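*Asks:* Numbering of the sequence shown is given in my numbering, commencing with residue 1046 and proceeding in unit increments.
Even glycine gets a Cβ: it sits at the ideal position worked out from N, Cα and C.
Here the structure is a predicted model, which means the values were calculated and not measured.
One structure coming up, written as structure tokens, with questions to follow.
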Amino acid sequence: MFTLSLQDFETVRARIAQHIKHTPLLTSRQLSERTGFDVRLKAEMFQRVGSYKIRGPLNKFALMPEEQKRRGVVCSSAGNHAQGVALAAKIHGIRAVVCMAENATPAKIAATKGYGAEVVLHGMIWDEANEKAKELVRTQGLTYVHPFDDEQLIAGQGTLGLEIVQDWP
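Encoded structure:
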């Protein structure tokens, strides 16, 4: 288990700021009325790649040793993590391979390729695509980018919390 401080998140935000958008915090009148609470929604759909999933890989790749960058990265995802890794890798000049299940939606495949990643279709479920990603780590020396269980990824994704606090003190 690890702990991140406010200073940690501020440092990460400064590191990735040039590549992300400060997305709006929207009031949801309907949800607020239904729940009796003031409900706000962080509009990360306006972020590059359409989700917050760009933030973590940007941080991870900025901190990655040059040798790992030269070898490239791999992940398994059929969604936002795939696109976040793809674009962050492109920004940092890193080869990215994304393993997806063979039944991944054509739009997700096209978007991931559009951000510069190589897409490998393998298996019918995420677990099988993930096994292919781990095989590429062993055979090609790529660095595996876990979709959520990674301190640097979590630190990057968590920067949206700073924006929430800034916009709604």
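1) Quick check for students: name the residue ranges of the beta strand (DSSP E) that lie wholly in the region 1073–1122, counting only runs of 3 or more.
2) On the three-state DSSP scale, how would you describe alanine 1162?
3) I'd like to know whether the C-beta atoms of glycine 1159 and isoleucine 1139 end up nearer to each other than 8 angstroms.
4) Could you check if phenylalanine 1106 is buried or exposed, using at least 16 other CB atoms within 10 Å of its CB as the buried criterion?
5) Can you give me the Cβ contacts of leucine 1044 inside the same chain, cut-off strictly under 8 angstroms, excluding the 5 residues immediately before and after it?
6) Let me confirm a value: arginine 1093 is counted as buried when at least 16 other C-beta atoms fall within 10 Å, else exposed. Which label applies?
7) For the structure I just gave you, are there three or more beta carbon pairs, one from the region 1098–1112 and one from the region 1067–1079, closer than 8 angstroms?
*Replies:* Based on what the coordinates show:
1) 1085–1087, 1118–1121
2) The residue labelled residue 1162 in the question sits at position 117 within the sequence shown. In this structure, alanine 1162 counts as coil in the three-state DSSP scheme.
3) By one-based count along the sequence shown, residue 1159 stands at place 114. By one-based count along the sequence shown, residue 1139 stands at place 94. For glycine 1159 and isoleucine 1139, no; Cβs fall outside 8 angstroms.
4) Locating residue 1106 in the sequence shown gives position 61, counting from the first residue. Classification for phenylalanine 1106: buried.
5) The structure shown does not extend to residue 1044, since the chain spans only 1046 to 1214, so no value can be given for it.
6) As a working mapping, residue 1093 is identified with position 48 in the sequence shown. Residue burial annotation: arginine 1093 is buried, with at least 16 other C-beta atoms found within 10 angstroms of its C-beta.
7) Too few Cβ pairs lie closer than 8 angstroms, so no.
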